[in-house]
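Numbering (my numbering), first residue to last: 29 to 321.
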């Protein structure tokens, strides 16, 4: 869906449900296009529901369905936020998410600024995941204390942000982790993220926000399980501090240990993985304090 002001300005892409069990982005779309339509002052907003088939599976379940059933609707064939880095060379028919991404690629490439909306299996305070090229002015005033830099480079495969904007250009894009998957607060946070972004770009009426000190976590890489029998030694809370040499996961083979001091991010809720091609956790360098903004 495209909202066009009819006046010159940037094209902002807002993508929702890259994972089928994360409806917060759709809630933001509903709030800002149907319940209280946002008046655009310039430019246009392109709303995209990324993973249609996974979303269909999610909404086919009753709201009371157990977590494992809903977790299985996260993807249809593969994680749409871990796409092949050679996406444009892939043949169709390999996986639904690859076909869908090839269909969406011209839309994603049209974004001057992109925001991908996510949520987490564990209810967490809002977080921002930014690329190195993202101007902090874009998320000025956003109510999140934690900023994570480098998902787009630390992940083994490509995240959707890698395909936003013109090929070869430094992409002004970021994602928001708005909170727990089905928390009403997450839906409000996602809506506020869009409003703040558009206000910061001068595309919507200014919003009164307060400066917030932030913590910056620079990702150094991910921890990958060598076999399906591996599991985390504990369910690490987000940003848990670790020391170099600390055991993170065990299986039939060698222990997996932290290569440096820092922090653990995005630990799976069960401590195990349904797909060992993905990162078990991400690791960051020691946290850095940022000035209020």
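Think of the CB as a built atom: it goes at the ideal place given N, C-alpha and C, for glycine as much as any other residue.
{"Item": "Residues in the same chain with beta-carbon distance under 8 Å from residue 143, minus the five sequence neighbours each way, listed in chain order, please.", "Value": "40, 41, 42, 43, 201, 202, 203, 204, 221, 222 and 225"}
{"Item": "Alpha carbon to alpha carbon, how far is residue 105 from residue 122? Give it in angstroms, no decimals.", "Value": "9 Å"}
{"Item": "What's the call for residue 116, buried or exposed, on a 16-neighbour Cβ count within 10 Å?", "Value": "exposed"}
{"Item": "Decide if the segment 171-186 is in contact with the segment 232-247; the criterion is three or more beta carbon pairs, one per stretch, under 8 Å apart.", "Value": "yes"}
{"Item": "Which runs of the beta strand (DSSP E) fall wholly inside the segment 44-120 and span at least 3 residues, in chain order?", "Value": "72-77"}
{"Item": "Could you check where the alpha helix (DSSP H) with residue 268 kicks off and where it finishes?", "Value": "Careful: residue 268 lies outside any alpha helix (DSSP H), inside the beta strand (DSSP E) at 268-270."}
{"Item": "Examine the ligand ADP and report whether any of its heavy atoms sits within less than 7 Å of the Cβ of residue 31.", "Value": "Only the bare structure without any ligand can be found here, which leaves the ligand ADP out of the picture."}
{"Item": "Hey, which unbroken runs of the beta strand (DSSP E) at 3 residues or more fall wholly within the segment 260-310?", "Value": "268-270, 275-278 and 290-293"}
{"Item": "Can you tell me which of the three DSSP states residue 217 falls into?", "Value": "helix"}
{"Item": "Are the beta-carbon atoms of residue 120 and residue 111 separated by less than 8 Å?", "Value": "no"}
{"Item": "Suppose the cutoff is 8 Å on Cβ atoms and the five residues either side in sequence are ignored; what does the same chain contact list for residue 278 look like?", "Value": "258, 259, 261 and 284"}
{"Item": "From residue 214 to residue 271, what distance separates their C-alpha atoms?", "Value": "32 Å"}
{"Item": "Can you look up residue 246 in the DSSP assignment and give me helix, strand or coil?", "Value": "strand"}
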